[in-house]
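Participant:
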Amino acid sequence: MSLGTGDRTAILGRVKEALRIEAPLKHPAERSAGGEPTTAHFREWLPPVGGSLDERFELFARLSETLKSELHPCADMAEAAVILAGLAKEGNWKTVALHRGDLIDALAEVLPPELETMRLKPGYDKDQLEACDAGITECDLLVAQTGSVCVTSKSAGGRVLSVLPPHHIVIARRSQLVTDLTEAYASLAAKYRDGYPSMISFITGPSRTGDIERILVLGAHGPKRLTILLLP
Amino acid sequence: MTTHAGLPRHQFQQDANLTANDGPRREAVRKALGNYQTARNRTGATFTDWKSARNAAATIKHEALNHLDRYLEEFEQKFTARGGKVFWASDSKQARDYILKLAKEKGVRSIVKSKAMTGEEIHLNEALLEEGYGVVESDLGEYIQQLKGEPPYHFVFPCMHLRRDEISDLFHRELGTAQTNSPEELTMIARRVLRRAYVEADMGISGANFIVADTGMISITENEGNARLTVGLPKIHVALIGIEKMVPRLGDLALFLPMLATAGTGQHLTGYNSMYGGPRQPGETDGPEEFHVVFLDNHRTRLLADPEQRDALHCIRCGACLNVCPIFKNIGGHTYGTTYQGPIGSVITPHFRGLQDWKHLSGASSLCGACTETCPVGIDIHHHLLHNRRNAAAQKPASGEGLLWKAFVFLMKRPALYRLATKFAPLGGLLQPLLEHVPFNPLHNWTETREFPQAPLRSFRDQFRAHQAAKTSQAKGGAR
Numbered sequence: 001m002s003l004g005t006g007d008r009t010a011i012l013g014r015v016k017e018a019l020r021i022e023a024p025l026k027h028p029a030e031r032s033a034g035g036e037p038t039t040a041h042f043r044e045w046l047p048p049v050g051g052s053l054d055e056r057f058e059l060f061a062r063l064s065e066t067l068k069s070e071l072h073p074c075a076d077m078a079e080a081a082v083i084l085a086g087l088a089k090e091g092n093w094k095t096v097a098l099h100r101g102d103l104i105d106a107l108a109e110v111l112p113p114e115l116e117t118m119r120l121k122p123g124y125d126k127d128q129l130e131a132c133d134a135g136i137t138e139c140d141l142l143v144a145q146t147g148s149v150c151v152t153s154k155s156a157g158g159r160v161l162s163v164l165p166p167h168h169i170v171i172a173r174r175s176q177l178v179t180d181l182t183e184a185y186a187s188l189a190a191k192y193r194d195g196y197p198s199m200i201s202f203i204t205g206p207s208r209t210g211d212i213e214r215i216l217v218l219g220a221h222g223p224k225r226l227t228i229l230l231l232p
Numbered sequence: 233m234t235t236h237a238g239l240p241r242h243q244f245q246q247d248a249n250l251t252a253n254d255g256p257r258r259e260a261v262r263k264a265l266g267n268y269q270t271a272r273n274r275t276g277a278t279f280t281d282w283k284s285a286r287n288a289a290a291t292i293k294h295e296a297l298n299h300l301d302r303y304l305e306e307f308e309q310k311f312t313a314r315g316g317k318v319f320w321a322s323d324s325k326q327a328r329d330y331i332l333k334l335a336k337e338k339g340v341r342s343i344v345k346s347k348a349m350t351g352e353e354i355h356l357n358e359a360l361l362e363e364g365y366g367v368v369e370s371d372l373g374e375y376i377q378q379l380k381g382e383p384p385y386h387f388v389f390p391c392m393h394l395r396r397d398e399i400s401d402l403f404h405r406e407l408g409t410a411q412t413n414s415p416e417e418l419t420m421i422a423r424r425v426l427r428r429a430y431v432e433a434d435m436g437i438s439g440a441n442f443i444v445a446d447t448g449m450i451s452i453t454e455n456e457g458n459a460r461l462t463v464g465l466p467k468i469h470v471a472l473i474g475i476e477k478m479v480p481r482l483g484d485l486a487l488f489l490p491m492l493a494t495a496g497t498g499q500h501l502t503g504y505n506s507m508y509g510g511p512r513q514p515g516e517t518d519g520p521e522e523f524h525v526v527f528l529d530n531h532r533t534r535l536l537a538d539p540e541q542r543d544a545l546h547c548i549r550c551g552a553c554l555n556v557c558p559i560f561k562n563i564g565g566h567t568y569g570t571t572y573q574g575p576i577g578s579v580i581t582p583h584f585r586g587l588q589d590w591k592h593l594s595g596a597s598s599l600c601g602a603c604t605e606t607c608p609v610g611i612d613i614h615h616h617l618l619h620n621r622r623n624a625a626a627q628k629p630a631s632g633e634g635l636l637w638k639a640f641v642f643l644m645k646r647p648a649l650y651r652l653a654t655k656f657a658p659l660g661g662l663l664q665p666l667l668e669h670v671p672f673n674p675l676h677n678w679t680e681t682r683e684f685p686q687a688p689l690r691s692f693r694d695q696f697r698a699h700q701a702a703k704t705s706q707a708k709g710g711a712r
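Here it is in structure tokens:
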């Protein structure tokens, strides 16, 4: 049953009527070639990144530190497993939540045997996920300019696996690191040519708030910790 | 907060007086904003060219707003093709009624909300609570304000005016938690309470920071993760969005997201920037079964129809103009009596709620231009305040002003009468104190906070004439 579309015609009519006179453009973009500022130009104005992969990585590492994300470059999956086992011990984890994926499946093989796993499937129990000690996901991209991890509902086990458990672990490859948001959007557009996932999210550090006296507190509603395991 | 009967301008004046005299409150606000300014300056300096970035943002918004009809239709087509629903609401009531009807039809019991100023604008919570739905605000600052029974103080920092001990008292009173002076412990209390709300709610309500036309998505910016959970867990989602939040292309966000973060909080990017294009898609693990976007006009088209002030709709609600405004710092957010506080609120509210009732806000400015300077999308905010003043005066000239000018002209044309008036002017200073105790003293508004000017016993003309006379007699004496 439908609740209708409301005043669609009336509102569009008012908008069209209102726009009969174009407003003056008070601040024209200076360097736009074709009259419109294209996304390619954004790079000239935003914080610079540097061209080489090493420069990108260095910036990503520096921002991770500022953001209090925990970045661990790993030589191979075995090293990632060691780091994860350490985190599990430190946090006294009982259950971790995972989704399906090449990297995740390989990681699942080498998890500490005493750790229980919850593989997220459609119709999963929300309470059970909420009780997990950590959520482990893959991601689509890492963004050097902003220190962000880009996840989507397709790459990271849906909408909330990366945000409901108190510790979010991301497993990624160095090749997933892109320069900036412009490159990230272009890369997503190419990857999801046949239809975007219903959610794209740029995660920049663990959950945080400054609502009380503008003092930074981590873990407001989402993860208190964000760990990035970076494979070659 | 005090309650007021009467006109918005009376409420404004009363609250402005209260806050301006509340030293500790002003100190708390100033301290919070000082921290903001430091962070913003630091992050802003990392831009290669902030000014060009700002001009590009202004140009993109100009494009979006001046072809808004086309972009709204493009969004609708893309969004509904993926199973989303779009409802167009002309006013607050229509938007409220739609959400209430939806909740009723789907058998909703509890609702979790992430921060949405549009929700404040249409008084959504009150309407939902009245119909018996449980509604919980999930943004920490909004949650604190909801417990306190107050509207947000600032549309980005809802409880910036409260000290930690006041929040601790509030939690103690409302939730029965132990007193603490640690912001971290206070945050964890809210985290524990709200976790249940996300899992149990069957409807999530959010706003949005951007509507993206070319991919049919909405974009939400937040730090806490509460919006991610609100849009992820409940089976129905409703996003209530003002129609002006448009950008043409998904790629435009590569510019707007860093600028919003820098201007809004001084971060280089906000914690979570999420784009949603409809309900859960085939093959996805979770997400709402239904995703409704409610487009809200609520007089935005009235502002759109004014080409001179249309760019006020470019606003991305970063709150930077509030943070730098000397008036905001002294009178605080609640004084405005509006959904959108500060300079930008003073520009747009008269368009939304009526120029004559809200024109006093245009006077609440020193015209220093700090708001215009800081705006990341280049809105000429303080000029718009002047436009509002001009329009208000043209629409309804101040009563009695014409008569005063006529009297002045009459006097100035008659030198004898003018001289007589200057002789009697000192009497005004003697009579004025007597007026102090008269009810409806016409000078009250002026003399309450200012000294009544005393006219000198001898006018300048008299003094000058005497001076000249003395000189002449001296000169004559010297010649003799």
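These protein sequence lines are chains V and A, in that order. If you read the first sequence in our numbering, its first letter stands for residue 1, the second for the next number, and so on. If you read the second sequence in our numbering, its first letter stands for residue 233, the second for the next number, and so on. Don't be surprised by glycine CBs; every beta carbon is placed ideally from N, CA and C. Just so you know, these numbers come straight off a predicted model, no measurement behind them.
#1: Just reading off the alpha helix (DSSP H) that A:K628 is part of, what are its end residues?
#2: I need the boundaries of the beta strand (DSSP E) containing V:C150, first residue and last residue.
#3: Hey, A:P511 and V:S198 are a contact pair by Cβ (cut 8 Å); roughly how many whole angstroms apart?
#4: Residues in its own chain within less than 8 Å of A:K317 by CB, not counting five upstream and five downstream?
#5: With a threshold of 8 Å on Cβ separation, who are the neighbours of A:R257 within its own chain once the five nearest residues in sequence on each side are excluded?
#6: Quickly, what does DSSP pair A:P240 with across the bridge? List them, please.
#7: Given A:E374, which residues of its chain have a CB within under 7 Å of its CB, disregarding the five upstream and five downstream residues?
#8: Can you confirm whether A:G661, when its beta carbon is compared against all beta carbons of chain V, has any partner nearer than 8 Å?
#9: When you compare the CB positions of V:T117 and V:A144, do they come within less than 8 Å of one another, or not?
#10: Under 8 Å between C-beta atoms, does A:W637 make it to chain V?
#11: Can you tell me where the beta strand (DSSP E) with V:T234 in it begins and where it stops?
#12: Tell me which residues share the same chain as V:V151 and place their Cβ nearer than 7 Å to its Cβ, disregarding the 5 neighbours each side in the sequence.
#13: Considering A:G660, what are the terminal residues of the alpha helix (DSSP H) in which it resides?
#14: Can you pull the chain A residues whose beta carbon is under 7 Å from the beta carbon of V:S175, in chain order?
#15: Quick one: using the 10 Å Cβ neighbour count with 16 as the cut-off for buried, is A:V261 buried or exposed?
#16: Using beta carbons (cut-off 8 Å, strictly below), is V:M199 in contact with chain A?
#17: Just to confirm, are V:C132 and V:A97 a CB contact at a threshold of 8 Å?
#18: Between V:F60 and chain A, is any beta-carbon pair separated by less than 8 Å?
#19: Provide the residue span of the beta strand (DSSP E) that contains V:T117, from first to last.
#20: Inspect the beta-carbon positions of A:L726 and A:H583 and report whether they are closer than 8 Å.
#21: Give the residues of chain A in contact with V:H99, contact being defined as C-beta atoms less than 8 Å apart.
#22: When you compare the CB of A:Q695 with every CB in chain V, is at least one pair closer than 8 Å?
#23: Of the residues that make up the stretch 678 to 693 of chain A, which ones have a beta carbon closer than 7 Å to any beta carbon in chain V?
#24: Residues bridged to A:Y508 by DSSP?
#25: Output needed in chain order: residues of the stretch 257 to 286 of chain A with a Cβ under 8 Å from some Cβ in chain V.
#26: Which residues of the stretch 630 to 656 of chain A have a Cβ closer than 8 Å to any Cβ of chain V? Give them in chain order.
#27: The beta strand (DSSP E) that contains A:F527, what's its start and end?
#28: Can a CB atom of chain A be found closer than 8 Å to the CB of V:L141?
#29: In angstroms, rounded to a whole number, what distance separates the CA positions of V:R14 and A:L265?
#30: On the DSSP letters alone, give me the boundaries of the beta strand (DSSP E) that A:W320 sits inside.
#31: Indicate whether A:A552 and A:T606 have their beta-carbon atoms separated by less than 8 Å.
#32: Taking A:H531 as the reference, which of A:R286, A:L489, A:D434, A:G586 has the closest Cα?
#33: Flag this pair as yes or no: are the beta carbons of V:L46 and A:T280 separated by less than 8 Å?
#34: So, is A:G364 buried or exposed, given that buried needs 16 or more other C-beta atoms within 10 angstroms?
#35: Should the stretch 327 to 344 of chain A be called in touch with the stretch 500 to 508 of chain A, which here means at least 3 C-beta pairs below 8 Å?
#36: Determine the DSSP secondary structure at A:V388, reduced to helix, strand or coil.
Facilitator: Here's the rundown:
#1: The count along the second sequence starts at 1 and reaches residue 628 of chain A at position 396. No alpha helix (DSSP H) holds A:K628; DSSP gives it neither H nor E.
#2: To locate residue 150 of chain V, count along the first sequence from 1; it is residue 150. 148 to 152 is the extent of the beta strand (DSSP E) around V:C150.
#3: Here residue 511 of chain A is taken as the residue at index 279 of the second sequence, counted from 1. Here residue 198 of chain V is taken as the residue at index 198 of the first sequence, counted from 1. Confirmed, about 7 Å.
#4: In the second sequence, counting from the first residue as 1, residue 317 of chain A sits at position 85. Result list for A:K317: E522, F523, H524, V525, in chain order.
#5: Within the second sequence, the letter at position 25 stands for residue 257 of chain A. Once the five neighbours on either side are set aside, the close Cβ partners of A:R257 are T251, H393, G564.
#6: In the second sequence, the residue the question calls residue 240 of chain A occupies position 8. Under DSSP, no beta-bridge partner is assigned to A:P240.
#7: In the second sequence, the residue the question calls residue 374 of chain A occupies position 142. Result list for A:E374: K347, P384, P390, in chain order.
#8: Looking up residue 661 of chain A in the second sequence gives position 429. For A:G661, no CB of chain V lies under 8 Å from its own CB, so it is not counted at the interface with that chain.
#9: In the first sequence, counting from the first residue as 1, residue 117 of chain V sits at position 117. In the first sequence, counting from the first residue as 1, residue 144 of chain V sits at position 144. At least 8 Å separates the beta-carbon of V:T117 from that of V:A144.
#10: Locating residue 637 of chain A in the second sequence gives position 405, counting from the first residue. Under the Cβ distance rule, A:W637 does not count among the residues neighbouring chain V, no pair being separated by less than 8 Å.
#11: Outside the displayed range of chain V (1 to 232) lies residue 234 of chain V, so it cannot be described from this structure.
#12: Locating residue 151 of chain V in the first sequence gives position 151, counting from the first residue. Excluding five sequence positions before and after V:V151, the CB atoms of its chain that fall closer than 7 Å to its own CB belong to T137, C139, D140, S162, S201, I203, given in chain order.
#13: Residue numbering aside, residue 660 of chain A sits at position 428 when the second sequence is read from its first letter. Per DSSP, A:G660 belongs to the alpha helix (DSSP H) from 647 to 667.
#14: Residue 175 of chain V sits at position 175 when you count from the first residue of the first sequence. Ordered by position in chain A, no residue passes the 7 Å Cβ test against V:S175, which lies about 21 Å from the chain.
#15: Here residue 261 of chain A refers to the residue found at position 29 of the second sequence. When all chains shown are included, A:V261 counts as buried.
#16: Locating residue 199 of chain V in the first sequence gives position 199, counting from the first residue. By this cut-off, V:M199 is an interface position.
#17: Numbered from 1 along the first sequence, position 132 holds the residue referred to as residue 132 of chain V. Numbered from 1 along the first sequence, position 97 holds the residue referred to as residue 97 of chain V. Yes, these two residues count as a Cβ contact at 8 Å.
#18: Indexing the first sequence from 1 puts residue 60 of chain V at position 60. Interface residue (Cβ-Cβ distance to chain A less than 8 Å): V:F60 is not classified as such.
#19: Numbered from its first residue, the first sequence carries residue 117 of chain V at position 117. Its beta strand (DSSP E) spans residues 116 to 119.
#20: Nothing about residue 726 of chain A can be reported from this structure: the residues present for chain A run from 233 to 712 only.
#21: Residue mapping note: residue 99 of chain V aligns to position 99 of the first sequence, counting from 1. What V:H99 touches in chain A: T517.
#22: Locating residue 695 of chain A in the second sequence gives position 463, where the first residue counts as 1. Cβ-Cβ to chain V under 8 Å: no for A:Q695.
#23: Within the stretch 678 to 693 of chain A, no residue qualifies.
#24: For this step, residue 508 of chain A is matched to residue 276 along the second sequence. V:M199, A:I450.
#25: Interface annotation for the stretch 257 to 286 of chain A against chain V: A260, K263, A264, N267, Y268, T278, F279, T280, D281, W282, S284, A285, R286, criterion Cβ-Cβ distance under 8 Å.
#26: Residues of the stretch 630 to 656 of chain A with a C-beta atom less than 8 Å from some C-beta of chain V do not occur.
#27: Here the question's residue 527 of chain A lines up with position 295 in the second sequence. Its beta strand (DSSP E) spans residues 522 to 528.
#28: Along the first sequence, one-based indexing puts residue 141 of chain V at 141. Taking Cβ atoms only, chain A never reaches closer than 8 Å to V:L141, which makes this a no.
#29: To locate residue 14 of chain V, count along the first sequence from 1; it is residue 14. To locate residue 265 of chain A, count along the second sequence from 1; it is residue 33. Taking C-alpha positions only, V:R14 is separated from A:L265 by approximately 39 Å.
#30: As a position in the second sequence, residue 320 of chain A is number 88, starting the count at 1. That run of the beta strand (DSSP E) goes 317 to 321.
#31: Within the second sequence, residue 552 of chain A is the residue found at index 320, counting from 1. Within the second sequence, residue 606 of chain A is the residue found at index 374, counting from 1. Result yes, Cβ atoms of A:A552 and A:T606 sit closer than 8 Å.
#32: In the second sequence, residue 531 of chain A corresponds to position 299, counting from 1. If we check each option's Cα against that of A:H531, A:G586 comes out closest.
#33: Indexing the first sequence from 1 puts residue 46 of chain V at position 46. Indexing the second sequence from 1 puts residue 280 of chain A at position 48. Yes; because the gap between Cβ atoms is below 8 Å, this pair is in contact.
#34: As a working mapping, residue 364 of chain A is identified with position 132 in the second sequence. Taking a 10 Å sphere around the C-beta of A:G364, we find fewer than 16 other C-beta atoms and assign the residue as exposed.
#35: Segments in contact, no.
#36: Reading the second sequence from its first residue, position 156 is the one you call residue 388 of chain A. In this structure, A:V388 counts as coil in the three-state DSSP scheme.
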